[in-house]
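Asker: Quick mapping for you: the protein sequence lines, in order, are chains A and B. Under this note's numbering, the first residue of the first sequence is numbered 1, with each subsequent residue one higher. Under this note's numbering, the first residue of the second sequence is numbered 96, with each subsequent residue one higher.
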Amino acid sequence: MDIEKPLRLEDVVELNPTHHFRWEEPQQAHVLLYPEGIVKLNETAAAIIECVMGSTSIAAAAGVIEARYGRADLMPKILAFLEDARAKGWIRIKS
Amino acid sequence: MPKDGSGLSLDGLGMPLWLVVELTYKCPLKCPWCSNPVEFERYRNELSTEEWKTVLRDGRKLGALQLGFTGGEPMLRRDLEELVEEADRLGYYTNLITSGVGLTVDRLRALKAAGLKQVQLSLQAPDRQLNEALVGLDVFDHKIAIAHAIKAEGLPMVLNIPISRYNIERTKEFIELAEDLGVEYVEFANLQYYNWALLNRAELLPTREQIERSERLVQEARQRLGKKLTIYFVVPDYYDDRPKACMNGWGAIHLTIAPDGTALPCQEARLIETIDFPNVRERDLAWIWRESPAFQTFRGDSWMKDPCRSCPEKERDFGGCRCQAFLLTGDAANTDPVCAKSPNRSIIDKLVGCAKHEKPDGSNRLIMRDIRKRQSHADVE
Chain A
1 MDIEKPLRLE DVVELNPTHH FRWEEPQQAH VLLYPEGIVK LNETAAAIIE
51 CVMGSTSIAA AAGVIEARYG RADLMPKILA FLEDARAKGW IRIKS
Chain B
96 MPKDGSGLSL DGLGMPLWLV VELTYKCPLK CPWCSNPVEF ERYRNELSTE
146 EWKTVLRDGR KLGALQLGFT GGEPMLRRDL EELVEEADRL GYYTNLITSG
196 VGLTVDRLRA LKAAGLKQVQ LSLQAPDRQL NEALVGLDVF DHKIAIAHAI
246 KAEGLPMVLN IPISRYNIER TKEFIELAED LGVEYVEFAN LQYYNWALLN
296 RAELLPTREQ IERSERLVQE ARQRLGKKLT IYFVVPDYYD DRPKACMNGW
346 GAIHLTIAPD GTALPCQEAR LIETIDFPNV RERDLAWIWR ESPAFQTFRG
396 DSWMKDPCRS CPEKERDFGG CRCQAFLLTG DAANTDPVCA KSPNRSIIDK
446 LVGCAKHEKP DGSNRLIMRD IRKRQSHADV E
């Protein structure tokens, strides 16, 4: 498998360009659509993806999410989710 | 059908998440494993542009998300661009499933401008000669050129390779070709034996050893290529001892509309002659999906007989494939005979035992997809 460096807080991540992320009214959830696939995201996963897509870094996105949920300890969970999302090919580091 | 590697496991909340529209049964190719009905020429009354648009709109209302334009060869429909545009406007993720024949750079650009998201291109052999022998037309060079064009347009692409005894020994070359082309996904679609493939089964079915070797090469390539190339390997179910979770269950998340407007739970289902499938020209799509007897027939598990009824695995595989049960046992409600627990498993064992070990000695033994002589239907019509 690819040997990839772990994500760092200063990394900027983006959605894989083959993937589409959007709110889907009938599902009452955010979904990811890509070739041959559909993933329905839970609220937290969708919030993280939404934030990192519009942020200048993972750290900045995490700040927004922590503020939204009134928590200061979410960084490890956010990083773990993003690593998982990258392994699945949903997101990548913006070059 | 869910594919190995796709991780597809979905609760559609009762919605037809995957809509497949077979725009036409016409196709310039003569693939001897075509999934279209053997008597495809009987269904000539294709839906009009406006009728297809109604299907697309009604499908979205029912919650459909992924949309496959297929056929036959969908490029034969001159209104494809118009339909893709309408589908994109409605919010579908649009996929074009094509042989590449009829696809030009101009039409590709028009399709992309109309909102097309992905192309699935079929390739039958890693060289020109074998490809021509298998599809009956010299189209290999065009397919390769169009694959490059798809990449040049920046569209994600799945290379779909129907695998049989005729090309299974070429697994490595296919992977190298996919790497060269720079595609994101390759699908080794081991043939499933329905319709034309069923007619040619004895000639097409590979041996267990061949499948194991092919899968091993795929595994090695996955290790080596990682995320650069995602390889799906559609399991050839005859060699399994449990059935595939066909379509994630009957009428669960898949809806196919045939060229003449017949609504089906999968692309093969109209071969089950004992079921009267509804048509979008006669009934509203919401009624068809939610209430029609055809879509209700095998929903849930109350229809199951033993061994499925009392099986702890019934929620995993839904009893397998109804079409396969019908074709091989004569009753669509029977357990898929692929299952080792099926009293009919010996049918599969016998077929597998007959898989030819010698190399194919030429494609002239294959019955190519073509309009069949009318007299062959005279007695049934």
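Where a beta carbon is used, it is the ideal one built from N, C-alpha and C, also for glycine.
Residue range of the alpha helix (DSSP H) that glutamine 224 of chain B falls in?
Answerer: 223–230
Asker: Can you confirm whether proline 169 of chain B, when its beta carbon is compared against all beta carbons of chain A, has any partner nearer than 8 Å?
Answerer: no
Asker: Does the pairing of the stretch 115–126 of chain B with the stretch 348–366 of chain B give three or more beta-carbon distances under 8 Å?
Answerer: yes
Asker: Name the two residues that bound the continuous alpha helix (DSSP H) containing leucine 151 of chain B.
Answerer: Unbroken alpha helix (DSSP H) run through leucine 151 of chain B: 144–156.
Asker: From the DSSP output, which residues share a beta bridge with methionine 252 of chain B?
Answerer: B/Val214
Asker: For glycine 70 of chain A and tryptophan 384 of chain B, what's the separation of their Cα atoms in angstroms?
Answerer: 44 Å
Asker: Following the continuous beta strand (DSSP E) through valine 39 of chain A, name the residue where it begins and the one where it ends.
Answerer: 37–41
Asker: Taking any Cβ of chain A, which residues in the stretch 125–158 of chain B have a Cβ under 7 Å from it, in chain order?
Answerer: Gly158
Asker: Are phenylalanine 235 of chain B and isoleucine 256 of chain B closer than 8 Å when you measure CB to CB?
Answerer: no
Asker: Establish whether the CB of threonine 44 of chain A and some CB of chain B are separated by less than 8 Å.
Answerer: no
Asker: With 8 Å set as the bound, which would you pick, yes or no: does the beta-carbon of leucine 324 of chain B sit closer than that to a beta-carbon of chain A?
Answerer: Not closer than 8 Å to any Cβ of chain A, the Cβ of leucine 324 of chain B fails to qualify, so no.
Asker: In chain B, which residues lie with their C-beta within 7 Å of the C-beta of valine 31 of chain A?
Answerer: Leu160
Asker: Can you tell me whether lysine 339 of chain B is buried or exposed? The criterion is at least 16 other CB atoms within 10 Å of its CB, across all chains shown.
Answerer: buried
Asker: Looking only at its chain, what residues have a beta carbon closer than 6 Å to the beta carbon of valine 475 of chain B, apart from the 5 residues adjacent to it on each side?
Answerer: Any reading at valine 475 of chain B must be qualified, since the residue scores a pLDDT of 39, below 50, and its modelled position is unreliable; the value itself is stated next. Here the set comprises nothing.
Asker: Could you check what DSSP says for alanine 29 of chain A in three-state terms: helix, strand or coil?
Answerer: strand
Asker: Nearest CA to the CA of arginine 173 of chain B: which residue from B/Val230, B/Val133, B/Leu216 and B/Thr199?
Answerer: The candidate whose alpha carbon is nearest that of arginine 173 of chain B is B/Thr199.
Asker: Using 10 angstroms around the beta-carbon of tryptophan 345 of chain B, count the other beta-carbons present and answer buried if the total reaches 16, otherwise exposed.
Answerer: buried
Asker: Methionine 342 of chain B CB to nearest chain A CB: under 8 Å?
Answerer: no
Asker: Just mark threonine 369 of chain B as buried or exposed, buried being the case when its beta carbon has 16 or more other beta carbons within 10 Å.
Answerer: Under this definition threonine 369 of chain B is an exposed residue.
Asker: Is the stretch 319–334 of chain B touching the stretch 357–365 of chain B, taking contact as three or more C-beta pairs under 8 Å?
Answerer: no
Asker: For proline 6 of chain A, name the three-state secondary structure that DSSP assigns.
Answerer: Residue state for proline 6 of chain A is assigned as coil, using DSSP reduced to three classes.
Asker: Let me confirm a value: cysteine 449 of chain B is counted as buried when at least 16 other C-beta atoms fall within 10 Å, else exposed. Which label applies?
Answerer: exposed
Asker: Is it buried or exposed for lysine 400 of chain B, if we count other Cβ within 10 angstroms and need 16 for buried?
Answerer: exposed
Asker: Using 8 Å as the threshold, is the stretch 166–182 of chain B in touch with the stretch 140–149 of chain B, meaning 3 or more CB pairs across them?
Answerer: For the pair of segments examined, the stretch 166–182 of chain B was found to touch the stretch 140–149 of chain B: the number of CB pairs separated by less than 8 Å reaches three.
Asker: Touch check for the stretch 128–135 of chain B and the stretch 71–88 of chain A: three-plus C-beta pairs under 8 Å?
Answerer: no
Asker: Check whether the Cβ of proline 6 of chain A lies closer than 8 Å to any Cβ atom in chain B.
Answerer: no
Asker: Give a yes or no on contact between the stretch 217–237 of chain B and the stretch 261–273 of chain B, applying the rule of three or more CB pairs nearer than 8 Å.
Answerer: yes
Asker: Comparing alpha-carbon positions, which option in A/Pro26, A/Asn42, A/Tyr34 and A/Glu50 lies nearest lysine 478 of chain B?
Answerer: The structure shown does not extend to residue 478 of chain B, since chain B is modelled only from 96 through 476, so no value can be given for it.
Asker: Rounded to whole angstroms, what's the CA-CA distance from proline 17 of chain A to valine 281 of chain B? Just pull it up for me.
Answerer: 18 Å
Asker: Any idea which residues DSSP pairs phenylalanine 328 of chain B with across the strands?
Answerer: B/Phe283
Asker: Name the residues in the stretch 111–124 of chain B whose C-beta lies less than 9 Å from a C-beta of chain A; which are they?
Answerer: Leu112 and Trp113
Asker: Between B/Ile462, B/Lys207, B/Met110 and B/Leu203, which has its C-alpha nearest asparagine 290 of chain B's C-alpha?
Answerer: B/Ile462
Asker: In the DSSP assignment, what are the bridge partners of histidine 20 of chain A?
Answerer: A/Leu33
Asker: Compare the C-beta of proline 76 of chain A with all C-beta atoms of chain B and state if any pair is closer than 8 Å.
Answerer: no
Asker: I need the straight-line Cα distance from asparagine 42 of chain A to glutamate 50 of chain A, nearest angstrom please.
Answerer: 12 Å
Asker: Of the residues B/Asp201, B/Ala220 and B/Pro432, which one's Cα is nearest the Cα of isoleucine 245 of chain B?
Answerer: With distances taken between Cα atoms, isoleucine 245 of chain B lies closest to B/Asp201.
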